[in-house]
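So the sequence lines, in the order shown, correspond to chains A and B.
Residue numbers for the first sequence, in this note's numbering: 19 to 266.
Residue numbers for the second sequence, in this note's numbering: 19 to 266.
We treat Cβ as the ideally placed atom computed from N, Cα and C, and that holds for glycine.
Computed from a predicted structure; not experimentally measured.
I have placed the structure first, in the form of structure tokens, so that the comments after it can refer back to it.
Protein chains: 2
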Amino acid sequence: MSMYFESKGRSAAKTISWRTLATLTTAIIVYILTGELVLAIAVGSIEVIAKIILYFFHERAWNKIKFGKRMIQPCVIWFTGLPGSGKSTLAEKTYQYIIERGLHVEQLDGDKVRSIFPNTGFLKEDRNEHIKRIGYLASLLEKNNVIVVASFISPYAESRHFVRQQCINFLEIFVDTPLEICEQRDPKGLYKKARSDDINDFTGIDAPYEKPKNPELRVKTNEQSVEESFNTIKTFIDHHLSQHNAQT
Amino acid sequence: MSMYFESKGRSAAKTISWRTLATLTTAIIVYILTGELVLAIAVGSIEVIAKIILYFFHERAWNKIKFGKRMIQPCVIWFTGLPGSGKSTLAEKTYQYIIERGLHVEQLDGDKVRSIFPNTGFLKEDRNEHIKRIGYLASLLEKNNVIVVASFISPYAESRHFVRQQCINFLEIFVDTPLEICEQRDPKGLYKKARSDDINDFTGIDAPYEKPKNPELRVKTNEQSVEESFNTIKTFIDHHLSQHNAQT
Chain A
19 MSMYFESKGR
29 SAAKTISWRT
39 LATLTTAIIV
49 YILTGELVLA
59 IAVGSIEVIA
69 KIILYFFHER
79 AWNKIKFGKR
89 MIQPCVIWFT
99 GLPGSGKSTL
109 AEKTYQYIIE
119 RGLHVEQLDG
129 DKVRSIFPNT
139 GFLKEDRNEH
149 IKRIGYLASL
159 LEKNNVIVVA
169 SFISPYAESR
179 HFVRQQCINF
189 LEIFVDTPLE
199 ICEQRDPKGL
209 YKKARSDDIN
219 DFTGIDAPYE
229 KPKNPELRVK
239 TNEQSVEESF
249 NTIKTFIDHH
259 LSQHNAQT
Chain B
19 MSMYFESKGR
29 SAAKTISWRT
39 LATLTTAIIV
49 YILTGELVLA
59 IAVGSIEVIA
69 KIILYFFHER
79 AWNKIKFGKR
89 MIQPCVIWFT
99 GLPGSGKSTL
109 AEKTYQYIIE
119 RGLHVEQLDG
129 DKVRSIFPNT
139 GFLKEDRNEH
149 IKRIGYLASL
159 LEKNNVIVVA
169 SFISPYAESR
179 HFVRQQCINF
189 LEIFVDTPLE
199 ICEQRDPKGL
209 YKKARSDDIN
219 DFTGIDAPYE
229 KPKNPELRVK
239 TNEQSVEESF
249 NTIKTFIDHH
259 LSQHNAQT
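Right under this line is the structure:
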């Protein structure tokens with residue numbers, strides 16, 4: 019991605035070339051229809067001045083019309099839930115959906131970020147620090163006009179609260195899948211390892227998950243199909259993104 | 019900041035309202051000059067069709083003209099140097115300068131980031147991890163079209179190299195101020211504390227600073243005034259930002 023600019027010189031040159039072409043056309047039409055050169059030149063001359071003035075007022079008038087104007091406020095959409103709850107799947111779909119809507123969006127995913135920073139620990143302190151850093155990152159992206167889709171177990175209320183404070187529009191989506199279901203699914207075989215003590219401090223088994231008390235949205239993946247859950251999220255996001263319509 | 023959009027409906031309505039207004043004007047001009055209603059309507063009718071076709075080809079033609087088109091590639095401008103070298107001062111000026119140029123820019127500063135994450139340690143491992151995380155953050159901002167101005171002591175070549183790899187356009191500015199001068203300046207009284215053992219692992223005193231071997235720019239603040247140093251940086255940045263002119 020890049021920032022594109024058109025210099026003032028380019029805009030001026032383009033304006034002049036269009037006005038010349040447009041007015042010449044008018045004059046030629048008049049000449050062809052009447053055969054009168056003087057009339058053609060007169061119409062063209064008046065047109066140049068008239069159109070420039072008109073165009074200006076046309077622009078100003080449209081400036082006051084709200085129809086079709088949208089202001090999209092970026093936001094941080096934060097998925098939290100147990101391992102295997104379906105966070106990443108739903109976050110990925112959400113990310114793709116926002117891309118399709120043509121908006122700036124960045125995805126932050128627990129697993130992907132950890133692969134860049136393999137030394138991040140799993141103890142409470144480490145986890146909290148990690149989530150706070152991610153939250154800072156998310157808030158900077160949001161501030162720079164990028165919608166963020168984040169999916170992190172983020173088991174502690176404290177660090178989720180910190181992230182909420184950092185962001186302007188923090189939308190917490192609690193993927194509320196019961197532990198039994200998550201353990202049954204066990205997509206990466208991690209619950210099995212946690213049960214057999216190959217992994218320690220595993221959220222849900224031997225580390226706590228503090229459920230969000232007032233998430234902006236709660237999704238129950240055990241009562242709904244993935245598509246149904248995602249539709250709930252889509253409606254929620256559509257509602258949020260259209261809230262700011264027609265504000266200037 | 020927000021994302022503004024104009025809906026297709028708005029663009030269509032605006033196009034129609036302009037074409038109606040413009041063509042009516044032409045017809046009225048012709049009518050006033052000739053008093054012939056049929057001629058005025060004929061000119062107007064032909065004009066509508068002719069202008070729509072012409073406008074399209076005018077746009078296509080300008081699409082092929084490079085004049086005045088600029089592509090600005092975002093970049094990560096990374097200031098490294100000893101404590102007290104003048105990094106933050108120069109970074110702040112750089113940040114303000116880029117804002118004035120009307121570009122998207124975010125500032126990341128060692129002191130400010132540490133105030134958010136006070137638990138970040140000063141040992142080699144901690145420092146490297148810290149810088150790598152900042153580098154990841156910077157690269158995400160860059161990827162999302164934001165120029166980043168970062169100022170961090172970043173004493174280890176390893177983590178600076180990691181950041182360079184993460185970013186697309188990494189511009190390393192080495193603020194090359196001799197240790198004696200930095201210690202003399204000691205803006206925050208930290209050298210004094212380091213000498214009296216109130217602070218440990220202080221870069222330059224009891225922790226190493228690995229000088230960049232091939233920075234994109236080296237600034238010698240002991241041989242130049244702040245303004246002179248900043249002018250060097252300005253020229254460097256201007257050169258970089260104009261490099262990509264007229265590329266589509």
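- Residue pairing of glutamate 24(B) in beta bridges, as defined by DSSP: Lys87(A).
- Interface annotation for the stretch 153 to 167 of chain B against chain A: Tyr154, Leu155, Leu158, Leu159, Lys161, Asn162, Asn163 and Val164, criterion Cβ-Cβ distance under 8 Å.
- Boundaries of the beta strand (DSSP E) around glutamate 190(B): 188 to 193.
- Rounded to the nearest angstrom, the gap between the Cα atoms of valine 56(A) and threonine 38(B) is 26 Å.
- The residue among Gly102(A), Ser106(A), Ile83(A) and Leu189(A) with its C-alpha nearest the C-alpha of aspartate 204(A) is Gly102(A).
- Rounded to whole angstroms, the Cβ separation of valine 94(A) and cysteine 185(A) is 4 Å, and the two are in contact under 8 Å.
- Between isoleucine 90(B) and the set Ile67(B), Lys105(B), Arg119(B) and Ala31(B), the nearest pair of CA atoms involves Arg119(B).
- DSSP, reduced to helix, strand and coil, places serine 214(A) outside both helices and strands of the structure shown, so it counts as coil.
- The beta strand (DSSP E) runs of length 3 or more contained entirely in the stretch 35 to 94 of chain B are, from start to end of the chain, 87 to 90.
- Within the same chain, Cβ atoms closer than 8 Å to the Cβ of valine 164(B) are found at Pro92, His122, Val123 and Glu124, the five residues on either side in sequence being excluded.
- Annotation for isoleucine 47(A): no residue places its beta carbon closer than 6 Å to its own, counting only its chain and skipping 5 residues before and after.
- Look at the stretch 40 to 51 of chain A: the residues with a C-beta under 8 Å from a C-beta of chain B are Ala40, Thr43, Thr44, Ile47, Val48 and Leu51.
- In the structure shown, aspartate 129(B) falls within a helical segment according to DSSP collapsed to helix, strand and coil.
- Residues of chain A whose Cβ lies closer than 8 Å to the Cβ of glutamate 65(B) are, in chain order, Thr43, Thr44 and Ile47.
- In the structure shown, threonine 221(B) falls within a strand segment according to DSSP collapsed to helix, strand and coil.
- Residue range 165 to 169 is occupied by the beta strand (DSSP E) that includes isoleucine 165(A).
- For the 8 Å CB-CB criterion, threonine 221(B) and valine 237(B) do not form a contact.
- In terms of Cα proximity to proline 226(B), the closest of Asp129(B), Ala58(B) and Gly99(B) is Gly99(B).
- If you check the CB distance, tyrosine 209(A) and glutamate 198(A) do not come in under 8 Å.
- Counting along the chain, the unbroken alpha helix (DSSP H) around arginine 145(A) starts and ends at 142 to 161.
- The beta-carbon of serine 133(B) is placed no less than 8 Å from the nearest beta-carbon of chain A.
- Taking the C-beta atoms as reference points, arginine 145(A) is found nearer than 8 Å to proline 173(A).
- For the set Leu126(B), Asn162(B) and Ala40(B), the Cα lying nearest the Cα of isoleucine 149(B) is the one of Leu126(B).
- Collapsing the DSSP output to three states places arginine 236(B) in a strand.
- Residue nearest to lysine 231(B) within the set Glu190(B), Phe180(B), Ser25(B) and Ala40(B) is Glu190(B) (criterion: CA-CA distance).
- A Cβ of chain A is located within less than 8 Å of the beta carbon of tryptophan 80(B).
- Listed along chain A, the residues sitting closer than 7 Å to valine 61(B) by beta-carbon distance are Ile47, Val48 and Leu51.
- Restricting attention to Phe170(B), Thr43(B), Phe188(B) and Phe254(B), the CA atom closest to the CA of leucine 158(B) is found in Phe188(B).
- A direct Cα-to-Cα measurement between tryptophan 80(A) and alanine 31(B) gives close to 10 Å.
- Rounded to whole angstroms, the gap between the alpha carbons of isoleucine 67(B) and threonine 44(A) is 11 Å.
- Contact check for glycine 104(B) against threonine 195(B) passes: the beta carbons are separated by less than 8 Å.
- The CB of leucine 72(B) comes closer than 9 Å to the CB of Trp36, Leu39, Ala40 and Thr43 in chain A, given here in chain order.
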